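*Asks:* Numbering that gives the first Met the number 0 puts the first residue of the sequence shown at 0, with every later residue one more than the last.
Structure provided below as structure tokens; questions to follow.
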Amino acid sequence: MLKLSRISIAFLAVLMVFAFSFPAGIARAAALTNVKDTLSTLTASTAANHEIVFTTPTGVAAAETFTVTFPASFASGLNGIDFADIDVNDGGEKTLAAVCSDATWGAAVAVRTITFTSCTDTIDASDTVTIEIGLNAAAGDTQIVNPVAANNLNIDIAGTMTDSGSLGISIIADDSVAVTAQVDPSITFTISDVAVGFGDLSASTGRWATTGGGGDASEIMPTAGHTMTVATNADNGWAITYNGATLTSGANTITVASIDEDSDGAPGSEEFGISASTDLDATIASGYERDATADFAFVAGTTTTLVSEIVPTATETITVSYLANIAGNTEAGNYSTAITYIATATF
Numbered sequence: 000m001l002k003l004s005r006i007s008i009a010f011l012a013v014l015m016v017f018a019f020s021f022p023a024g025i026a027r028a029a030a031l032t033n034v035k036d037t038l039s040t041l042t043a044s045t046a047a048n049h050e051i052v053f054t055t056p057t058g059v060a061a062a063e064t065f066t067v068t069f070p071a072s073f074a075s076g077l078n079g080i081d082f083a084d085i086d087v088n089d090g091g092e093k094t095l096a097a098v099c100s101d102a103t104w105g106a107a108v109a110v111r112t113i114t115f116t117s118c119t120d121t122i123d124a125s126d127t128v129t130i131e132i133g134l135n136a137a138a139g140d141t142q143i144v145n146p147v148a149a150n151n152l153n154i155d156i157a158g159t160m161t162d163s164g165s166l167g168i169s170i171i172a173d174d175s176v177a178v179t180a181q182v183d184p185s186i187t188f189t190i191s192d193v194a195v196g197f198g199d200l201s202a203s204t205g206r207w208a209t210t211g212g213g214g215d216a217s218e219i220m221p222t223a224g225h226t227m228t229v230a231t232n233a234d235n236g237w238a239i240t241y242n243g244a245t246l247t248s249g250a251n252t253i254t255v256a257s258i259d260e261d262s263d264g265a266p267g268s269e270e271f272g273i274s275a276s277t278d279l280d281a282t283i284a285s286g287y288e289r290d291a292t293a294d295f296a297f298v299a300g301t302t303t304t305l306v307s308e309i310v311p312t313a314t315e316t317i318t319v320s321y322l323a324n325i326a327g328n329t330e331a332g333n334y335s336t337a338i339t340y341i342a343t344a345t346f
């Protein structure tokens with residue numbers, strides 16, 4: 000019995016030593032997760048903002064630290080950044096100072112390591128921590144300059160907190176791509192119909208020219224003879240001019256008109272003129288405005304501006320009407336003319 004008791008006591012002693020070798024409640028180191036650093040530029044020798052993000056499985060207790068250590072290729076002192084150039088957020092913004100005090104965290108740079116020190120504040124387990132360094136910080140006025148040589152580098156996150164980890168960044172010679180394009184000067188001009196007619200003219204009523212042989216004029220918006228469109232990227236806009244003779248039959252001509260606010264002119268008097276309107280905001284030359292009380296004019300044998308614009312235009316449509324009146328003694332004949340329209344852009 001004595002021998003058995005001694006064996007039992009010895010066995011219990013071994014169990015106790017084994018138990019005390021593994022105290023309960025010790026936190027074990029865990030790897031940080033979702034660790035990244037987004038830089039505002041990856042170009043070598045260029046000042047950059049950093050946004051470092053990580054999730055801490057264990058958190059940071061009061062009086063603990065966490066550190067961010069840059070590799071040796073970064074300048075010692077990290078180009079003079081201080082706590083004012085740094086923001087820390089774990090779901091709420093942390094207050095930083097050079098040295099910790101109560102709930103204010105200390106943020107200090109030594110060589111290439113930024114040490115964040117808690118006095119009483121904590122970061123909870125599973126919190127995601129965001130560290131902004133540079134001009135992206137609320138009061139930041141200094142950035143960290145990237146190393147002079149292109150390289151793949153690691154930044155380490157550690158400290159007296161339980162968790163630790165690292166992340167990779169790639170510094171390259173130039174992170175920008177120059178994209179170029181050229182837009183050539185351009186102008187597009189169209190005329191919808193190049194043949195219009197008045198039909199038979201009469202001293203008793205004016206006539207408007209159309210593609211269908213004309214129609215009687217009256218005190219309304221004149222019927223359209225044709226349209227013209229212009230589109231240009233010219234900085235200083237464009238103009239459409241016309242040039243041509245009046246209606247002519249051999250040696251005989253119909254007098255050109257200057258009609259003010261009278262869509263059918265003066266039947267019984269010789270008149271030939273044109274009128275124009277636009278669907279946008281180009282300027283119709285004075286004396287040519289086409290509306291319900293239209294103006295008609297024509298200058299024979301002289302290049303004359305009909306409509307103009309001083310800015311680029313995607314597409315503008317100009318509608319042109321033609322009016323003819325004759326007197327009772329206007330010579331019989333087949334009258335015609337060819338009017339040349341020229342669109343010119345000023346680049």
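We treat Cβ as the ideally placed atom computed from N, Cα and C, and that holds for glycine.
Quick caveat: nothing in here was measured; it's all calculated off a predicted structure.
Is the CB-CB distance between I170 and N150 below 8 Å?
*Replies:* Yes, the pair counts as a contact, with Cβ atoms nearer than the cut-off.
*Asks:* Considering only the beta carbon of each residue, do T54 and T40 sit closer than 8 Å?
*Replies:* Against a cut-off of 8 Å, the Cβ pair of T40 and T54 comes out as no contact.
*Asks:* Give the DSSP bridge partners of I344, in chain order.
*Replies:* Note on identity: in this sequence residue 344 is Ala, with Ile being the wrong assignment. Partner(s): W237.
*Asks:* Can you check whether the CB of N48 is closer than 8 Å to the CB of L134?
*Replies:* Yes; because the gap between Cβ atoms is below 8 Å, this pair is in contact.
*Asks:* Taking A293 and S268 to be in contact with their CB atoms under 8 Å, please state how far apart those CB atoms are, rounded to whole angstroms.
*Replies:* Between S268 and A293 the Cβ distance is about 17 Å, and since that is not below 8 Å, they are no contact.
*Asks:* Pick out whichever of G243, G158 and R289 has its Cα sitting closest to the Cα of T64.
*Replies:* Closest option to T64, Cα to Cα, is G158.
*Asks:* Keeping to the same chain, check which residues put their C-beta closer than 6 Å to that of P70; ignore five residues upstream and five downstream.
*Replies:* Once the five neighbours on either side are set aside, the close Cβ partners of P70 are L152.
*Asks:* Under three-state DSSP, which class holds N135?
*Replies:* Here N135 sits in coil by DSSP.
*Asks:* Which residues does DSSP list as the beta-bridge partners of I113?
*Replies:* DSSP lists V67 and V108 as partners of I113.
*Asks:* Which whole-angstrom value is the C-beta distance of M160 and V59, which I expect to be below 8 Å?
*Replies:* Correct: roughly 5 Å between the Cβ atoms.
*Asks:* Exposed or buried, what is L279 when buried is set at 16 or more other beta-carbons lying within 10 Å of its beta-carbon?
*Replies:* Exposed: under 16 other Cβ atoms inside 10 Å.
*Asks:* In three-state terms, what does DSSP make of T336?
*Replies:* Reduced to three states, the DSSP call for T336 is coil.
*Asks:* Suppose you measure from the CA of T121 to the CA of V147; what does that come to, to the nearest Å?
*Replies:* Distance between the alpha carbons of T121 and V147 is about 37 Å.
*Asks:* Please classify H341 as buried or exposed, where buried requires at least 16 other C-beta atoms within 10 Å of its C-beta.
*Replies:* According to the sequence displayed, residue 341 carries Ile and not His. By the neighbour-count rule (16 or more Cβ atoms within 10 Å), I341 is not buried but exposed.
*Asks:* So, is A23 buried or exposed, given that buried needs 16 or more other C-beta atoms within 10 angstroms?
*Replies:* Because A23 carries a pLDDT of 40, less than 50, the predicted location of this residue cannot be relied on, and the following value inherits that uncertainty. By the neighbour-count rule (16 or more Cβ atoms within 10 Å), A23 is not buried but exposed.
*Asks:* Three-state secondary structure (DSSP) at L31?
*Replies:* Note: L31 maps to coil in three-state DSSP.
*Asks:* Among the residues of its own chain, which have a CB less than 6 Å from the CB of A124, if the five just before and after it don't count?
*Replies:* So the list reads T57 and G58, once near-sequence residues are dropped.
*Asks:* Can you give me the C-alpha to C-alpha distance between E218 and L305, rounded to a whole angstrom?
*Replies:* The alpha-carbon atoms of E218 and L305 are separated by roughly 22 Å.
*Asks:* Under a Cβ-count criterion, where at least 16 other Cβ atoms within 10 Å of its own Cβ denotes burial, should P221 be classed as buried or exposed?
*Replies:* It is buried - the Cβ of P221 has at least 16 other Cβ atoms within 10 Å.
*Asks:* Which residues bound the beta strand (DSSP E) around L322?
*Replies:* Unbroken beta strand (DSSP E) run through L322: T312 to N324.
*Asks:* From the DSSP secondary-structure annotation, give me the bridge partner or partners of S125.
*Replies:* The partner list for S125 (beta bridge, DSSP) is empty, contrary to what the question assumes.
*Asks:* Looking only at its chain, what residues have a beta carbon closer than 6 Å to the beta carbon of S307, apart from the 5 residues adjacent to it on each side?
*Replies:* Taken in chain order, the residues that qualify are A238 and T282.
*Asks:* Would you please state the rounded distance, in angstroms, between the beta carbons of V255 and G243? I believe it to be under 8 Å.
*Replies:* 11 Å between Cβ atoms; not a contact.
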